[in-house]
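Undergrad: Going letter by letter, the sequence shown gives residues 8 to 200 in the working numbering.
Using N, Cα and C, we set each Cβ at its ideal position, and we do this for glycine too.
Got a structure for you, written out below as structure tokens; questions coming shortly.
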Amino acid sequence: MGLLPAARIDHISITVYYLDPSILPARTIQLLVTNGSNQSAKLSWKANAIEGTTSVAVERSANERTWELVPGVTQMNKVTALYNFIDAHPLAGKSFYRLKMTTASGDIRYTTTLSFEQRTPTTIQCYPNPFTNVIQVTGMMAGELVTITDLYGNCLYRSAPAMNNSLKIDVSHLQPGMYVIGSGNRKIKMQKK
């Protein structure tokens with residue numbers, strides 16, 4: 008008689024989960040689709056996610072069943088290692104995007120799909136009006152630039168692409184007078200005291 012109790016195993020169950028090798032998870036690729044300027048869709052993805060790939064194409068769909076190639080040029084930002092692609096004419100309403108990647112051997116892989124819905128442009132708001140040293144601009148879309156021009160159209164200020172829909176601008180260098188604040192195709196006249 009042993010000191011330890013005896014144990015028996017009558018069965019073991021193993022569940023195996025696998026991914027279709029032609030589908031790459033979006034988090035692996037780090038694909039992002041956002042509203043761009045001038046009613047466009049902006050896609051961006053990390054450069055290291057496409058190593059070994061000889062070509063990358065952007066595809067879109069209205070129903071996730073029928074896909075079409077989106078014409079355009081992919082640009083790479085060498086500082087951030089991000090690829091950027093602009094769909095200047097996205098589909099109306101809700102649509103879907105994915106990347107189609109082809110290797111040198113001809114293997115094709117896709118990212119998972121991401122949904123996109125074009126937002127209608129909002130009006131921009133600027134305050135206070137009249138202003139003195141600082142103005143607050145709200146209502147622009149991510150990626151849009153804010154410009155300040157004089158009444159002759161001379162550009163006096165241009166922001167970096169907006170990260171959100173609000174921006175505070177130091178305008179202490181401007182002379183008193185009338186100015187036009189613009190974001191996308193929306194403009195508003197403002198006065199400096």
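Where does residue 148 land, buried or exposed, given buried means 16+ other C-beta within 10 angstroms?
TA: Here residue 148 is buried. Its C-beta has 16 or more other C-beta atoms within 10 Å.
Undergrad: Output the boundary residues of the beta strand (DSSP E) element that contains residue 107.
TA: 101-110
Undergrad: What does the alpha-carbon distance come out to for the pair residue 61 and residue 157?
TA: 48 Å
Undergrad: Please report the straight-line C-alpha distance between residue 92 and residue 21, rounded to a whole angstrom.
TA: 43 Å
Undergrad: Keeping to the same chain, check which residues put their C-beta closer than 6 Å to that of residue 111; ignore five residues upstream and five downstream.
TA: 61
Undergrad: Alpha carbon to alpha carbon, how far is residue 85 from residue 17? Give it in angstroms, no decimals.
TA: 59 Å
Undergrad: Give the DSSP bridge partners of residue 73, in chain order.
TA: Answer is none; residue 73 lacks a bridge partner.
Undergrad: Give the single residue among 181, 119 and 105 whose Cα lies nearest to the Cα of residue 138.
TA: 181
Undergrad: Would the beta-carbon of residue 98 fall within 8 Å of that of residue 63?
TA: no
Undergrad: Where DSSP assigns a beta bridge to residue 50, which residues make up the other side?
TA: 40 and 92
Undergrad: In the DSSP assignment, find the unbroken beta strand (DSSP E) run with residue 98 in it and report its ends.
TA: Neither: residue 98 is in no beta strand (DSSP E) and is coded neither H nor E.
Undergrad: Determine the extent of the beta strand (DSSP E) in which residue 83 is found, giving its start and end residues.
TA: 82-84
Undergrad: Which residues in the same chain as residue 77 place their Cβ atom closer than 7 Å to its Cβ, once the five residues preceding and following it in sequence are excluded?
TA: 65, 66, 67 and 94, listed in sequence order.
Undergrad: By DSSP, does residue 141 sit in helix, in strand, or in coil?
TA: Note: residue 141 maps to strand in three-state DSSP.
Undergrad: Per DSSP, residue 184 forms a beta bridge with which residues?
TA: 199
Undergrad: So residue 155 is in the beta strand (DSSP E); what residue range does that whole segment cover?
TA: 153-156
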